[in-house]
Amino acid sequence: MANSRWWYGIVPFPVVILTAVITHVAFRAFTVATRPSTDEPLGAAVAWFALQTLSFWTGVLVAVLVLGCLLADCRALSGNEAWSPSGWWGIAGVVHLGGAVFPELLLLSVPALSAYLYRRHVRLGRP
Numbered sequence: 000m001a002n003s004r005w006w007y008g009i010v011p012f013p014v015v016i017l018t019a020v021i022t023h024v025a026f027r028a029f030t031v032a033t034r035p036s037t038d039e040p041l042g043a044a045v046a047w048f049a050l051q052t053l054s055f056w057t058g059v060l061v062a063v064l065v066l067g068c069l070l071a072d073c074r075a076l077s078g079n080e081a082w083s084p085s086g087w088w089g090i091a092g093v094v095h096l097g098g099a100v101f102p103e104l105l106l107l108s109v110p111a112l113s114a115y116l117y118r119r120h121v122r123l124g125r126p
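Okay, so the sequence shown: first residue is 0 according to numbering that gives the first Met the number 0, each after it adds one.
Shown next as C-alpha cells:
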C-alpha cells in the first residue's frame, strides 16, 4: 500500500530538537532564578519551571508520535514493490524518544529519520 499517510506524523521530528533547547534554557534560567542571592521575583522561578516542564513533555509527546507513525508507516509499506522499509527503522524512533530525555541522542536520530524520509521520497515520490 504505497498510499500510506503515516509519514505526516514523522515529519515533525525536528520539534524535539527545539523542545530540548527550550528545556535546557529554561532549566538554566530556573536555576539562576532560585539562587538566594538573586532579586528575582518568585513568579519568575515558577514561570521558568512551568516552561521547562511544558517543553519537556511536549518533546516526549512529539517523540512518541514520531515513533508510532514511523512504525505504522513501515508496517503499511511492507510488501510494497517500490520500497519495503525494514522494521529496524523503528530503532531510529526509539533513539529519538530517548533524545527527548537525553539530547545527545538526537545526534543519531535526526540524521536517521532524515535518511528515512529521504529514501521514502526517492523510492515512492512522497513526501
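Here a beta-carbon is modelled for each residue, glycine too, at the ideal position from N, C-alpha and C.
- Within the same chain, and ignoring the five residues on either side of THR18 in sequence, the residues whose Cβ sits closer than 8 Å to its Cβ are SER54, PHE55, THR57, GLY58, VAL61, ALA99.
- Contact between ILE21 and LEU105 does not hold, since the beta-carbon distance rounds to 14 Å and is not under 8 Å.
- TRP87 and TRP6 have their C-alpha atoms spaced approximately 16 Å apart.
- Following the DSSP letters along the chain, one finds ILE90 inside the alpha helix (DSSP H) bounded by residues 89-100.
- With contacts defined by Cβ atoms closer than 8 Å, ALA43 and ALA25 do not form a contacting pair.
- One Cα belongs to GLY8, the other to THR52, and the distance between them is close to 23 Å.
- Counting of Cβ neighbours within 10 angstroms places PHE101 among the exposed residues, the total staying below 16.
- Nearest in C-alpha terms to PRO110, of all of HIS95, LEU123, ARG122, GLY124, is HIS95.
- The beta carbons of LEU116 and GLY89 sit no closer together than 8 Å.
- Cβ contact annotation for CYS73 (same chain, cutoff 6 Å, sequence separation greater than five): PRO84, GLY86, TRP88, in chain order.
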